[in-house]
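A.B. asks: Residue numbers (my numbering): 563 to 643. The beta carbon of each residue, even a glycine, is placed where N, CA and C say it ideally should be. If you scroll down you'll find the structure; I have some questions about it.
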C-alpha cells in the first residue's frame, strides 16, 4: 500500500522534497533612448472625451421610484411558473 510520505527535516533522504531557493538575478536597467521618451510623452496625453451626459429612463421606472412602497421583483415581474 502507498502511504503518505511524512516530511521529517531530521532525515537526510527527505532533502529531495525540499524546494531549492534560487537567488534572483539582478535585472539590468535599459537605457531610454530619445525615441522611447517621445513615445512615453505621447502616451501620457489624455484622450479627449465627450462631456455630454445622456440619460434614457423608462416612464414606469420613474413611477416605481416615486412610489412609497417597497420594491419587489416578484411583484414587478410576477412569480415564476
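1) Specify the secondary structure class of residue 565 as computed by DSSP and reduced to three states.
2) Output needed for residue 579: all residues of its chain with C-beta closer than 7 Å, excluding positions within five of it in sequence on either side, in chain order.
3) Hey, quick one: how far does the alpha helix (DSSP H) through residue 628 stretch, first residue to last?
4) In whole angstroms, what separates the C-alpha of residue 629 from that of residue 622?
C.D. replies: The structure says:
1) Translated into positions along the chain shown, residue 565 becomes position 3. Residue 565 falls in the coil class under three-state DSSP.
2) For the purposes of this step, residue 579 is identified with residue 17 of the chain shown, where counting begins at 1. Here the set comprises 569.
3) Start at 1 with the first residue of the chain shown, and residue 628 comes out as number 66. Element bounds for residue 628: 621–628.
4) Walking along the chain shown from the start, residue 629 turns up at place 67. Walking along the chain shown from the start, residue 622 turns up at place 60. Taking the straight line joining both Cα atoms gives about 11 Å.
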